[in-house]
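Numbering follows full-length UniProt numbering, in which position 4 of the sequence shown is assigned residue number 4; successive positions increment by one, without gaps.
Working notes, beginning with the structure itself.
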Amino acid sequence: MSGSTLRPIDELLWSWPTVCKAATNDWARGFALSIAKHSKRRNWTPSPKQHALMNRLVAELYRHRGDFDDDFEVIE
Numbered sequence: 001m002s003g004s005t006l007r008p009i010d011e012l013l014w015s016w017p018t019v020c021k022a023a024t025n026d027w028a029r030g031f032a033l034s035i036a037k038h039s040k041r042r043n044w045t046p047s048p049k050q051h052a053l054m055n056r057l058v059a060e061l062y063r064h065r066g067d068f069d070d071d072f073e074v075i076e
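As C-alpha cells, then:
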C-alpha cells in the first residue's frame, strides 16, 4: 500500500480501540479519544485531514507492533 492510499474508515475504526490504548502522547491520546467519541454518531465521517491522521496512526501501530512481518514460513 502506498503512502498516499487511505484505508477505508471501517478498517481504521476496527483498530481504533488499540490506537486509543497505544497513544504515546497527550495529543495523540486526545485525538484518538475524540475520533472514538465522534465515530459513534450516525453518518459521521472524518474530514480528509482526520482520515489521513487516522490512517497514519493505524499504520504506525502495526509497524511498531510487528504484526506485518514479511518473514513467514509458507506451508505447502
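Ideal Cβ placement from N, Cα and C applies to all residues, glycine included.
None of these values were measured; they are calculated from a predicted model.
Please go through the same chain and pick out, in chain order, the residues whose beta-carbon is closer than 8 Å to the beta-carbon of residue i, but skip the five residues on each side of it.
i	result
N55	L6, R7 and L12
Consult DSSP for residue i and reduce its assignment to one of helix, strand or coil.
i	result
S34	helix
K40	coil
S47	coil
R63	helix
K21	helix
L53	helix
T29	In the sequence as displayed, the identity of residue 29 is Arg instead of Thr. Looking at R29 - three-state DSSP - the assignment turns out to be helix.
For residue i and residue j, I'd like the C-alpha separation in whole angstroms.
i	j	result
S39	S47	12 Å
V19	A28	9 Å
A23	N43	26 Å
H51	I9	7 Å
L33	T45	15 Å
Excluding the 5 residues flanking residue i on each side, which residues of the same chain have their C-beta closer than 7 Å to its C-beta?
i	result
S15	V58 and L61
F31	L53
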